[in-house]
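Residue numbers for the sequence shown follow the numbering used here, so the first one is 8 and each next one is one higher.
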Amino acid sequence: MGLLRRLIEDGCTEAITSRKERLTPELLARTSIRLGNLADLDPEAGEVPEIPQNVQPPKKLRRRRNTVFDDHGRQQAADG
Numbered sequence: 008m009g010l011l012r013r014l015i016e017d018g019c020t021e022a023i024t025s026r027k028e029r030l031t032p033e034l035l036a037r038t039s040i041r042l043g044n045l046a047d048l049d050p051e052a053g054e055v056p057e058i059p060q061n062v063q064p065p066k067k068l069r070r071r072r073n074t075v076f077d078d079h080g081r082q083q084a085a086d087g
C-alpha cells in the first residue's frame, strides 16, 4: 500500500507540474517512484521491493471494434 500511495502522490505532483491536471494511466506508467521518501516502510522486513531499472511501460493494446450491431445483410429464410 505504501508504494501505491507513493505512486499516486508522485503522479499527482507530475500532473500538476506538467499542467496536465489529470492523473492518467499513461502518466502513472511514466512516473518513477522515489523510494527514499518512504519513511514508514521497513526495508529489512521486505516492505520495499526490488524494482528493476530500465523497464519500459507496457504498450497499450488497441481494443477491437464491437461488431454486435453491424448489418450483415439479409438472412436466408429458415427451412422448415
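We treat Cβ as the ideally placed atom computed from N, Cα and C, and that holds for glycine.
In this text the structure is predicted, and so the values were computed from the model without any measurement.
Euclidean distance between Cα positions of residue i and residue j
| i | j | result |
| --- | --- | --- |
| Ala85 | Asn73 | 27 angstroms |
| Lys27 | Glu33 | 12 angstroms |
| Glu54 | Gln60 | 18 angstroms |
| Leu68 | Thr31 | 16 angstroms |
| Gln63 | Gly80 | 45 angstroms |
| Glu51 | Leu14 | 21 angstroms |
| Arg29 | Pro65 | 20 angstroms |
| Arg70 | Glu16 | 29 angstroms |
| Gln83 | Ser25 | 58 angstroms |
Among the options, nearest to residue i - alpha-carbon criterion
| i | options | result |
| --- | --- | --- |
| Arg12 | Glu28, Leu48, Lys27 and Ser25 | Leu48 |
| Leu10 | Glu57, Arg29 and Ser25 | Glu57 |
Segment contact, 8 angstroms Cβ cut-off, at least three pairs: the segment 29 to 40 with the segment 10 to 21:
yes
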